[in-house]
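Novice: Residue numbers (the UniProt record's numbering): 1 to 587.
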Amino acid sequence: MNAQIQPVTTASDKPKAYGARGPAGQRMAAVWVPNWPLLVAMLAHNLDATQPAVLQRGRQVHVVSAAARAFGVRRHMALRAAQELCPQLHILDEDPDLAAREFEYIAQVVETIVPAVEIIRPGLLLFAARGATKFYGSEDAVCAAVIEALADRAQCEAQVGVANGILATILAARTMRVVAQDQTQEFLGPRPLTDLTYAAVTNQQQVALGQFLSLQQRLGIKTFGALAALPHAHVHTRFGDIGAWAHRLASGLDIREQSPTRQEPDITVSNALDPPVDRIDTAAFAARSLAQELHRILLEGSVTGSRIEIMATTSAGEELTRTWRTDDSALGAMSAARITQRVRWQLEGWLTASSIAQQRRRKAALAVSEIRAVPGSVSGASESQETLEHPEPVTLTRLQLTAQFVVPTQTHQESLWGRSDGANRRAQSAIERVQDLLGPHAVLALAPAGGHTYQDRITSGWWANQEAPARDGKQTWPGQLPSPAPATLFQDPWDIVVVDERNLLVTFNNRLGMSASPYAVIQTDPRWGVAKVAQPVRNWAGPWPIRTRWWTEQAQHCVYLQLVLDHQPALLAVYRQGNWYCEGIYD
C-alpha cells in the first residue's frame with residue numbers, strides 16, 4: 001500500500017481579513033434527528049414507534065422513546081425502576097456501528113436538498129446555509145424542504161435550525177428556530193452552560209467537558225452569557241484548551257480562529273484497491289492503514305484539521321464523498337483509531353443497504369399493491385411515481401482521506417509545574433494500538449466515583465466509550481468506608497472464616513454487637529497457595545456497618561473489618577448474611 005501526500009490548494013487558502021475578535025461564526029444549518037440511536041435500534045428489532053423502548057447503558061436508561069416517556073421513564077433511571085413504571089418496556093442495546101451506518105442514508109437524503117453536508121456524529125449534521133438560502137429563497141424554506149424530504153423518504157422526524165456559529169446552530173436545531181445573524185448573543189446568553197455537551201465530538205471531549213462544567217457550576221458560572229463576559233485570554237490561561245474551546249462557542253464564534261498569515265494546505269492520502277473491494281472487513285483494513293498514515297503526517301507537521309473527508313471511487317467511476325467533523329483541538333485532529341472508526345462507519349453505509357431505505361421500499365410496495373387492488377385507480381403516471389429504488393451493489397476501487405481546514409496546533413510542552421502530556425499521549429497511543437489488534441472492547445478504563453464501599457467508588461467502562469461517572473467521587477458520602485482503600489479489590493469476593501479464641505465464628509447481632517474479637521482467619525481460597533490454614537490476627541480495625549438499598553427487598557446489611565495478619569497481607573473482610581468474605585488485600 002503506497003500512501004501519497006497530495007497537497008490541495010483551495011479558495012479557502014487565500015488570506016482573509018478578520019476583526020479584532022476573529023471571524024464571526026459562519027451561517028450554518030443543522031439537522032438533528034432526535035433519539036437517533038434508539039430509532040435505528042427499534043427499526044432493527046421491528047418495533048413500531050408507538051411501542052415503549054429505551055437504550056440501556058450499564059444498568060441505567062440512556063435514551064428514551066416518546067412512548068416510554070409517557071409512562072414516566074426518564075434518562076439515567078435504573079432499568080428496574082423503568083420496568084416497574086412500564087412493564088411492557090423494550091430494553092435494547094446501543095449499537096454505534098448501526099447508528100452510524102444508517103445515518104448515511106439520512107445524509108444522502110439531505111444532499112438532495114443541499115450540495116454538501118458535514119456529519120458531526122450519527123444523528124446530527126451541518127451544512128452551509130447561504131447557498132441553499134439563495135436557491136430556495138429563504139432560510140425557513142430550506143428548513144421546510146429538508147424536513148419534508150426526510151419525512152417522505154426516510155419516514156423520520158427531524159428538526160432543523162439556522163444560526164451563526166456551530167453551537168448556536170446545534171441549539172437552534174434542537175429548538176426548531178432560525179436565529180437572526182444579530183441575535184446570536186441574545187439567543188445563547190441565558191441558556192445553561194451544560195448545553196455545551198451537544199457540541200462535543202468525541203467521548204474524551206465529553207469527559208473533559210464534564211469536569212470543566214462541574215468546576216464552572218461551583219464557581220457560579222452557569223450560563224453562556226456569564227462565560228462569554230470573561231476575557232478569552234484569562235479563560236484560556238486558567239482552564240486550558242477546553243476552556244478556550246468553550247469560551248469561543250459561548251461567544252457565538254466557530255471552534256477555531258484560522259490565522260490569516262499562515263494557511264496550511266489540505267493533506268490527502270490515498271490508495272488504489274486492487275482487486276476492487278466489496279466486503280466491509282477488507283475495506284476497513286485498507287482504511288486503517290490510510291488513517292494511521294494520515295494521523296502520522298498530521299503529528300509530524302504539528303497541525304490539526306477540523307474535517308476529515310472520505311472519498312471512495314466505485315468500479316463504475318462514481319465518486320462517493322462524505323465529510324466528518326473532528327475534534328480539532330487535539331494534535332492530529334483525531335487518533336488513528338477514531339479516524340478509522342469514522343471511515344469504517346462510512347464504508348459500511350456505502351457497502352450495506354440501508355434498513356431505512358428497505359423499510360421505505362416495503363411501505364411503497366404495500367401502497368402500490370393496495371392501489372392496484374382498486375380497479376382503474378392506477379394510471380401510467382402514478383405507477384412511475386411509485387417506482388421503487390433498487391441500488392446496485394457497490395464495489396470500491398480507490399479510497400482517499402483528506403484532512404481539511406488544516407491549521408497549526410499548539411505545542412505540547414511541559415506545564416508550569418514540570419508536567420508533560422507526552423507520557424499520557426504515548427500511553428493512549430499504546431492503548432489504541434491494542435484496540436486495533438484486539439477490538440474496541442479489549443481495554444477497560446477505571447474511573448473514581450462516589451459510593452459507600454470501595455467497590456462502589458470505582459466504575460469501569462470500555463476505553464472507547466468513556467463517560468463521566470454518574471456519582472461524583474469528589475463528594476463525601478456519609479458512612480463511607482475510611483481510607484486507605486485496599487491495593488487490590490476482587491471482583492468476586494472469596495470465602496474466609498473469621499474465628500475467635502475459642503475457634504467459634506465471629507458474628508454480629510441486630511445491634512451490630514460483635515460476638516468476640518477476631519483471633520484468626522481461615523483462608524480457603526486456592527489463590528493463597530495453602531488451603532484452610534489459620535492465620536493469626538495481629539491487629540484489626542472496625543467494625544464499619546454499611547446498609548445498602550435498605551428501601552428495597554434486596555436490602556443488604558454488611559459489616560467491614562480490616563484484619564492485619566502475621567505472615568500474609570492485610571485483608572478487607574466483610575460479614576454478609578452470616579458468612580465472611582475477603583473483598584481485597586492491602587500491600
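Heads up, the beta-carbon is just placed ideally off N, CA and C, and yes, glycines get one too.
In this text, all values refer to a predicted model and were calculated from it rather than measured experimentally.
Could you pull the DSSP bridge partners for D495 from this structure?
Specialist: Paired residues: Y581.
Novice: From the DSSP output, in three-state form, read off G58 for me.
Specialist: It is coil, neither helix nor strand.
Novice: On a CA-only basis, which of T237, P545, W540, A29 is nearest A141? Give me that one, please.
Specialist: Looking at the Cα atoms, A29 is the closest of the given residues.
Novice: Taking the straight line between their C-alpha atoms, what separation do you get for A233 and D587?
Specialist: Cα to Cα, A233 sits roughly 46 angstroms from D587.
Novice: Sort L47, G349, L230, A445 by Cα distance to A99 and report the nearest one.
Specialist: For A99, the nearest C-alpha among the options comes from G349.
Novice: In terms of residue numbering, what span does the beta strand (DSSP E) encompassing R325 cover?
Specialist: First-last of the beta strand (DSSP E) with R325: 319-325.
Novice: If you drop the 5 nearest sequence neighbours on each side, which residues of the same chain put their C-beta closer than 6 angstroms to that of P536?
Specialist: Excluding positions up to five away in sequence, the list reads A520, D566.
Novice: Going by CA-CA distance only, name the one from F187, E157, G578 that's closest to T169.
Specialist: The candidate whose alpha carbon is nearest that of T169 is F187.
Novice: Sort out for me which residues DSSP pairs P408 with in a bridge.
Specialist: Note: P408 sits in a beta bridge opposite V303.
Novice: Smallest Cα separation from T488: which of Y454, R27, N503?
Specialist: Nearest option by C-alpha distance: Y454.
Novice: Rounded to the nearest angstrom, what separates Q346 and R322 at their Cα positions?
Specialist: Whole-angstrom Cα-Cα distance: 8 angstroms.
Novice: Quick one, are the C-beta atoms of T304 and V207 less than 9 angstroms apart?
Specialist: It is not a contact, given that the beta carbons lie outside the stated cut-off.
Novice: Three-state secondary structure (DSSP) at P536?
Specialist: Here P536 sits in strand by DSSP.
Novice: So V277 packs on T395, CB below 8 angstroms; how close in whole Å?
Specialist: With a Cβ gap of about 7 angstroms, V277 and T395 count as contacting.
Novice: Would you tell me roughly how many angstroms separate the C-alpha atoms of S306 and M176, rounded to the nearest one?
Specialist: Going by the C-alpha atoms only, they are around 26 angstroms apart.
Novice: To which residues of the same chain is A534 closer than 6 angstroms at the C-beta, ignoring the five residues directly before and after it?
Specialist: A520, I522, listed in sequence order.
Novice: Specify whether the segment 151-170 and the segment 60-69 touch according to this definition: at least 3 beta carbon pairs, one from each stretch, less than 8 angstroms apart.
Specialist: Result no; under three Cβ-Cβ pairs closer than 8 angstroms.
Novice: Apply the 10 Å Cβ neighbour rule to I310 and answer buried if 16 or more other Cβ atoms are within range, or exposed otherwise.
Specialist: Classification of I310: buried, given that the 10 Å Cβ count is 16 or more.
Novice: Throw me the rounded Cβ distance for the A64 and V54 pair, which I believe falls under 8 angstroms.
Specialist: Correcting the residue type first, residue 64 is Val in the shown sequence and not Ala. Sure, about 5 angstroms apart at Cβ, within 8 angstroms.
Novice: If we require 4 or more residues per run, which alpha helix (DSSP H) segments fall completely within the segment 101-183?
Specialist: Listed in chain order, they are 129-136, 139-153, 166-174.
Novice: What does the alpha-carbon distance come out to for the pair Q404 and P265?
Specialist: The alpha-carbon atoms of Q404 and P265 are separated by roughly 8 angstroms.
Novice: For F224, does the count of other Cβ atoms within 10 angstroms reach 16, so buried, or fall short, so exposed?
Specialist: Its Cβ being crowded by 16 or more others within 10 Å, F224 is buried.
Novice: Determine the DSSP secondary structure at Y198, reduced to helix, strand or coil.
Specialist: DSSP places Y198 in helix when its eight states are reduced to three.
Novice: Taking contact to mean 3 or more Cβ pairs, one atom from each stretch, closer than 8 angstroms, check whether the segment 117-134 and the segment 101-108 are in contact.
Specialist: The answer is yes - the segment 101-108 touches the segment 117-134, with three or more Cβ pairs under 8 angstroms.
Novice: Are the segment 125-133 and the segment 78-93 touching, with three or more C-beta to C-beta distances below 8 angstroms?
Specialist: Touching, no, given that fewer than three Cβ pairs across the two stretches are closer than 8 angstroms.
Novice: Give every residue of the same chain whose Cβ lies closer than 6 angstroms to the Cβ of N35, excluding the five residues on either side of it in the sequence, and list them in chain order.
Specialist: Closer than 6 angstroms at the Cβ level, and outside the excluded window around N35, lie V63.
Novice: Which first and last residues belong to the alpha helix (DSSP H) in which H232 is found?
Specialist: Residues 232-250.
Novice: By the DSSP assignment, the alpha helix (DSSP H) with A49 in it spans what residues?
Specialist: Segment: none, A49 is in no alpha helix (DSSP H) and carries neither H nor E.
Novice: Given C143, which residues of its chain have a CB within under 6 angstroms of its CB, disregarding the five upstream and five downstream residues?
Specialist: V160.
Novice: Just checking my contact of R547 with V564 at CB under 8 angstroms: how many whole Å lie between their CB atoms?
Specialist: About 26 angstroms separates the two Cβ atoms, so there is no contact after all.
Novice: For Q26, which of V235, S251, A107, S460 has the nearest alpha-carbon?
Specialist: That would be S251, whose Cα lies nearest to the Cα of Q26.
Novice: Between which two residues does the beta strand (DSSP E) carrying R27 extend?
Specialist: Where R27 is concerned, the enclosing beta strand (DSSP E) stretches over 27-32.
Novice: Which residue or residues does DSSP assign as beta-bridge partners of F508?
Specialist: According to DSSP, which records beta bridges pairwise, F508 is partnered with M514.
Novice: Nearest to I308 by alpha carbon, out of T314, Q341, I280, A316?
Specialist: Out of T314, Q341, I280, A316, Q341 has the C-alpha closest to the C-alpha of I308.
Novice: Can you tell which of V117, A573, W540 has the C-alpha that lies nearest to the C-alpha of V31?
Specialist: The shortest C-alpha separation from V31 is found at V117.
Novice: Quick check on this structure: which residue in T459, E84, R344 has the alpha carbon closest to the alpha carbon of A445?
Specialist: Nearest C-alpha to A445: T459.
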